[in-house]
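The structure appears right after this line, and notes come after that.
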Amino acid sequence: MEAVDVHEWQDIRFHVDGREFGADRYDGPGPRGNNGPLDIGRACEGEDVRPLTVTVAEVRLWSTAPDAARLGTPVSPHDRGLAAHWRFEENAGNAASDATGSHPARLRGARWVRNPDPRGSSFRLYRNGTPVACDPLANAEFTDVGDRQLTLGARLKHGRGGQAYSGVLEDVRIWRTARTHKQVLDNLFTRLTGEKQDLIAYWPFDDVSTRTATRPTRPRSSS
-8 MEAVDVHEWQ DIRFHVDGRE FGADRYDGPG PRGNNGPLDI GRACEGEDVR
42 PLTVTVAEVR LWSTAPDAAR LGTPVSPHDR GLAAHWRFEE NAGNAASDAT
92 GSHPARLRGA RWVRNPDPRG SSFRLYRNGT PVACDPLANA EFTDVGDRQL
142 TLGARLKHGR GGQAYSGVLE DVRIWRTART HKQVLDNLFT RLTGEKQDLI
192 AYWPFDDVST RTATRPTRPR SSS
């Protein structure tokens, strides 16, 4: 058998908003594993540290290269090849949970800010504790949501209400962080009595709360 020369390389491709932004080929020595931590958001060369000065809304780490069509689309923690997925929805602290449950991240020198991407947070609708399927909105529909204020039961645009909600609101709770399905079911048909951490606003629509425009929650500073 004649000797066969094997030449290996790595293709590196950058995508911005779903479009390929640039590509390069690396044919140097292969990657070498070690026991050191994985740094994301900074590059170190000797004593020179170069941090990434942008807003990071989400990080996905794959063990296999995903198709370009899948970039930015919703993923499941059990998707094949997904090694880690950080959504940064904690809004406080110096740690970020991994959706796959394998690699919690430790944050150093980071500052929590609002996510500039309106699609950065997932939307789940429950009816009596049961998940309800929802159709995704087109990008153009994010730009015309009405007046910049919170409106319940209708859509306010130019000071005038429209698209009124046809139903009954038993109470309304607004949380700083997303609630799990179990947390939703725990007090679905009862008044909220405890566990008010991260509760921004709570309207039970009883006699006391509807006398004046009150918000019966303690004030909290935003992150």
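In this note's numbering, the protein residues as written are -8 to 214.
Heads up, the beta-carbon is just placed ideally off N, CA and C, and yes, glycines get one too.
All values reported here derive from a predicted model rather than from experimental measurement.
- Taking the Cα positions, A14 is about 7 Å away from D2.
- The beta carbon of D108 sits closer than 6 Å to those of A48, all from its chain and outside the five residues before and after it, given in chain order.
- Judged by DSSP secondary structure, D177 falls within the alpha helix (DSSP H) whose first and last residues are H172 to D177.
- DSSP, reduced to helix, strand and coil, places R151 within a strand of the structure shown.
- Residue pairing for R16: DSSP places it in a beta bridge opposite D2.
- In the structure shown, R61 adopts helical secondary structure according to DSSP, grouped into three states.
- Boundaries of the beta strand (DSSP E) around W194: L190 to W194.
- Annotation for E49: no beta strand (DSSP E) segment contains it, and DSSP assigns it neither H nor E.
- Exposure of W0 is indicated by the presence of fewer than 16 other C-beta atoms within 10 angstroms of its C-beta.
- By the CB criterion at 8 Å, V66 and R51 fall inside the cutoff.
- When the five nearest sequence neighbours on each side are left out, the beta carbons in the same chain lying within less than 7 Å of the beta carbon of T55 are those of G72, in order along the chain.
- The alpha carbon of D89 has as its nearest neighbour, out of R102, R99 and A75, the alpha carbon of A75.
- Contact between the segment 145 to 154 and the segment 83 to 100 is absent: fewer than three C-beta pairs spanning the two stretches fall below 8 Å.
- Here G92 has P68 as same chain residues with Cβ atoms under 8 Å from its own Cβ, once five neighbours each way along the sequence are excluded.
- Looking at the DSSP output, C35 shares a beta bridge with V40.
- In this structure, V175 keeps its C-beta atom at 8 Å or more from the C-beta atom of L143.
- Using a Cβ distance threshold of 8 Å, W53 and N82 do not count as a contacting pair.
- Straight through space, the alpha carbons of L62 and R10 are spaced by roughly 9 Å.
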